[in-house]
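Peer 1: Handing you a structure now.
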Amino acid sequence: MPRRKRNAGSSSEGTEDSDFSAEHTDSSESDIHTVRSTRLTRSSLRLSRNSQDSSPVGNPSAPVSEEVVNYSTRRVTRSQQQGVTDLPKKYPLRQSRSSGSDTEQHGEISERGHLTGKHERHFSISGCPLYHNLSADECKVKASSRDKHVEERTLSQRQDENRHSARQQAQTERQLRYKEKVTEMRRKRNSAPFKEQKDKYTEHKQTHGSSHEPLLENITSDYDLELFRKAQACATDDLEKLRLQGQVTEGGNMIKTIVFGRYELDTWYHSPYPEEYARLGRLYMCEFCLKYMKSQTILRRHMAKCVWKHPPGDEIYRKGAISVFEVDGKKNKIYCQNLCLLAKLFLDHKTLYYDVEPFLFYVMTEVDNTGCHLVGYFSKEKNSFLNYNVSCILTMPQYMRQGYGKMLIDFSYLLSKVEEKVGSPERPLSDLGLISYRSYWKEVLLRYLNNFQGKEISIKEISQETAVNPVDIVSTLQSLQMLKYWKGKHLILKRQDLIDDWKTKEAKRGSNKTIDPTALKWSPPKGT
1 MPRRKRNAGS
11 SSEGTEDSDF
21 SAEHTDSSES
31 DIHTVRSTRL
41 TRSSLRLSRN
51 SQDSSPVGNP
61 SAPVSEEVVN
71 YSTRRVTRSQ
81 QQGVTDLPKK
91 YPLRQSRSSG
101 SDTEQHGEIS
111 ERGHLTGKHE
121 RHFSISGCPL
131 YHNLSADECK
141 VKASSRDKHV
151 EERTLSQRQD
161 ENRHSARQQA
171 QTERQLRYKE
181 KVTEMRRKRN
191 SAPFKEQKDK
201 YTEHKQTHGS
211 SHEPLLENIT
221 SDYDLELFRK
231 AQACATDDLE
241 KLRLQGQVTE
251 GGNMIKTIVF
261 GRYELDTWYH
271 SPYPEEYARL
281 GRLYMCEFCL
291 KYMKSQTILR
301 RHMAKCVWKH
311 PPGDEIYRKG
321 AISVFEVDGK
331 KNKIYCQNLC
341 LLAKLFLDHK
351 TLYYDVEPFL
361 FYVMTEVDNT
371 GCHLVGYFSK
381 EKNSFLNYNV
391 SCILTMPQYM
401 RQGYGKMLID
411 FSYLLSKVEE
421 KVGSPERPLS
431 DLGLISYRSY
441 WKEVLLRYLN
451 NFQGKEISIK
461 EISQETAVNP
471 VDIVSTLQSL
481 QMLKYWKGKH
491 LILKRQDLID
501 DWKTKEAKRG
511 SNKTIDPTAL
521 KWSPPKGT
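When we follow my numbering, the leftmost residue of the sequence shown carries the number 1, and every step to the right adds one.
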């Protein structure tokens with residue numbers, strides 16, 4: 001079994017992996033491989049001693065395991081064997097987890113420690129000590145000081161309650177002293193030169209980028225900064241409690257509900273929203289521009305100044321209260337990305353989130369005096385080589401089981417008829433999508449057979465008239481047991497019982513949830 005190559009300093013568990021690899025080689029390999037690995041280890045050990053005498057790697061005083069040193073000098077030996085006369089290349093080494101150091105080289109974020117100081121590891125960036133420019137030990141010290149402060153405050157409150165029984169009471173001497181102390185602390189701020197502060201912040205941002213929190217020192221008083229740190233720790237502790245209770249799973253769907261218009265919707269699947277929004281558990285969305293926000297207050301302020309009342313793009317269909325807008329993913333990129341992120345909350349197989357430029361989005365809305373409310377949408381490629389007329393389709397949960405899904409499907413096939421093409425949805429279909437399409441294909445075939453008066457019928461003719469792919473027609477006929485093979489020929493059975501059932505359902509449904517081809521004002525885009 002060949003040894004796995006690992007770069008020095010690429011993993012915090014490098015020494016453990018080296019030990020495991022050596023033991024595995026000695027126990028499982030053949031005698032030839034054992035002799036070869038032993039010879040390589042001896043030569044590496046001899047060369048490591050020479051390299052340590054000439055140029056030590058890393059910090060000589062730091063306790064570094066023997067396997068890591070051998071591996072790093074082995075890399076240098078190969079370069080020396082090739083005739084390179086330069087000095088040995090120095091590799092930054094990292095301490096193993098057993099050393100107890102939480103600080104790692106290269107600015108990598110470790111999973112060890114927690115911002116609250118009460119847990120051994122964190123599962124999100126909000127609980128990472130290194131992200132907040134702290135170490136695990138510093139978080140534990142701060143946690144103990146916070147607990148001590150809470151105990152002292154609780155004890156003093158009990159003493160005050162026992163001393164004063166009146167409802168309206170004056171401030172005690174202790175409270176007055178504490179108030180003066182806080183006032184004095186807020187007056188005192190670090191009076192360092194502004195240029196030095198700016199250079200320090202700039203250097204920190206260039207070094208760590210978005211992997212660390214910006215420096216917060218001297219932005220406000222030390223007292224207010226400590227209050228902010230306490231609030232961060234409390235929020236992270238609440239999130240950790242939710243995870244331990246099973247309400248939030250690591251890497252799972254953290255967004256449980258969304259506030260969308262006048263509805264509060266429970267989500268079904270995970271959607272890759274930014275982590276600062278995903279960890280909230282609830283998102284607030286503008287139902288017109290689809291912008292997502294963190295709180296009800298932000299949403300209320302946004303709605304007061306949002307000028308959108310309908311999706312961007314061209315309105316290509318209008319009949320009654322139903323309107324359909326054609327939105328180009330290249331022209332309205334942000335809106336389409338937000339629409340895809342919203343759809344992923346209710347779709348399992350969706351993989352398109354940000355690359356929306358090659359797609360057109362057809363958004364169906366229901367109109368009232370407040371604006372155009374999102375009912376559902378489907379997307380399609382601008383240039384599909386397989387003639388897919390739908391890439392992704394969704395009906396919002398509050399409008400499901402009302403006939404809007406079939407209207408979206410019927411509208412996609414209406415566009416295929418105008419383009420004079422035969423269309424089919426892109427696979428794989430979701431569970432609800434497959435049920436909707438099979439029901440639609442069944443209705444199309446029964447309607448066609450009910451109006452057909454001839455004696456011979458071909459699947460090609462049905463496909464040309466309905467724009468449904470012949471493969472979908474055959475699969476639907478087989479599921480309805482209307483396709484038989486008799487005396488070397490395929491026969492289509494016209495089952496009158498199925499047609500009568502369809503007529504009864506069609507009469508009860510009415511004509512409110514149907515697409516009128518005459519209301520479409522659309523021509524195929526150029527180049528499609």
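Just so it is clear, CB atoms sit at the ideal spot from N, CA and C, and this is done for glycine as well. Note that this is a predicted model, so its numbers are computed, not measured.
#1: Nearest by alpha-carbon distance to C289: which of M407, V307 and Y437 is it?
#2: Given this structure, state the Cα-to-Cα distance separating S416 from L408, to the nearest angstrom.
#3: Taking V150 as the reference, which of E173, F452, L215 and C234 has the closest Cα?
#4: Using the rule of at least 16 other Cβ atoms within 10 Å of the residue's Cβ for burial, across every protein chain shown, is F385 buried or exposed?
#5: According to DSSP, what are the bridge partners of R393?
#6: My output table needs one value for C372: the three-state DSSP class, helix, strand or coil.
#7: So I473 is in the beta strand (DSSP E); what residue range does that whole segment cover?
#8: How big is the Cα-Cα spacing for T365 and Y399?
#9: Looking at E287 and L374, is the spacing between their C-beta atoms short of 8 Å?
#10: Would you mind sorting P525 into buried or exposed? The rule is 16 or more other CB atoms within 10 Å of its CB.
#11: Measuring only the C-alpha atoms, how far is D368 from A321?
#12: Considering only residues of the stretch 380-464, which uninterrupted beta strand (DSSP E) runs meet the minimum length of 3 residues and lie entirely inside it, listed in chain order?
#13: At the level of alpha carbons, what is the spacing between R177 and E184?
#14: Suppose you measure from the CA of T202 to the CA of S210; what does that come to, to the nearest Å?
#15: Helix, strand or coil for H490, going by three-state DSSP, please let me know.
#16: Look up F346 in the DSSP assignment and say whether it is helix, strand or coil.
#17: Pick from C139, P517, Q478 and Q402: whose alpha carbon is nearest that of F411?
#18: Considering only DSSP beta bridges, list what M285 is partnered with.
#19: Determine, using beta carbons only, whether S424 and Y377 come nearer to each other than 8 Å.
#20: Taking only the alpha-carbon atoms, compute the straight-line gap between K494 and I473 and give it to the nearest angstrom.
#21: Name the DSSP bridge partner or partners of T365?
#22: Which residues in the same chain have their Cβ closer than 7 Å to the Cβ of V356, if we skip the five residues on either side of it in sequence?
#23: When the Cβ atoms of the stretch 442-452 are set against those of the stretch 391-398, are three or more pairs found closer than 8 Å?
#24: Where do the N-terminal and C-terminal ends of the alpha helix (DSSP H) with V356 fall, by residue?
#25: With DSSP run on the structure shown, which of helix, strand or coil describes R301?
#26: To the nearest angstrom, report how far apart R158 and Y277 are at their CA atoms.
#27: Provide the residue span of the alpha helix (DSSP H) that contains D497, from first to last.
#28: Who does Y485 pair with in a DSSP beta bridge?
#29: Just the Cα atoms here: how many angstroms apart are I515 and Q481?
#30: Using only alpha-carbon positions, find the residue among L115, E120, D137 and N133 that is nearest to G127.
#31: Can you check which of these residues, W268, F361, K309 and I457, is closest to S432 by C-alpha distance?
#32: How many angstroms separate the CA atom of P272 from the CA atom of G281?
#33: Going by other Cβ atoms of all chains shown within 10 Å of its Cβ, with 16 needed for buried, is S379 buried or exposed?
#34: Leaving aside the five residues before and after E506 along the sequence, list all residues of the same chain whose C-beta is less than 6 Å from its C-beta, in chain order.
#35: Locate the alpha helix (DSSP H) running through T183, then write down its first and last residues.
#36: Mapping the DSSP letters down to three states, classify I316 as helix, strand or coil.
Peer 2: Checking against the coordinates, here is how it stands:
#1: V307
#2: 13 Å
#3: C234
#4: exposed
#5: Before going further, note that residue 393 is Ile rather than Arg in the sequence given. Answer by DSSP bridge pairing, in chain order: F378.
#6: strand
#7: Not the beta strand (DSSP E): I473 falls in the alpha helix (DSSP H), residues P470 to S479.
#8: 11 Å
#9: yes
#10: exposed
#11: When rounded, the distance between both Cα atoms is 7 Å.
#12: 388-390 and 392-395
#13: 11 Å
#14: 13 Å
#15: Three-state DSSP puts H490 in a strand.
#16: coil
#17: P517
#18: According to DSSP, which records beta bridges pairwise, M285 is partnered with F260 and Y292.
#19: no
#20: 14 Å
#21: S323 and L374
#22: G329, K333, C336, Q337 and C340
#23: no
#24: First-last for V356: undefined, no H or E at that position.
#25: helix
#26: 39 Å
#27: Q496 to R509
#28: H490
#29: Here the alpha carbons of Q481 and I515 stand approximately 28 Å from one another.
#30: L115
#31: According to the sequence provided, residue 432 is Leu. The question's Ser does not apply to it. L432 has its Cα closest to that of W268, out of W268, F361, K309 and I457.
#32: 13 Å
#33: buried
#34: Excluding positions up to five away in sequence, the list is empty.
#35: E173 to R187
#36: strand
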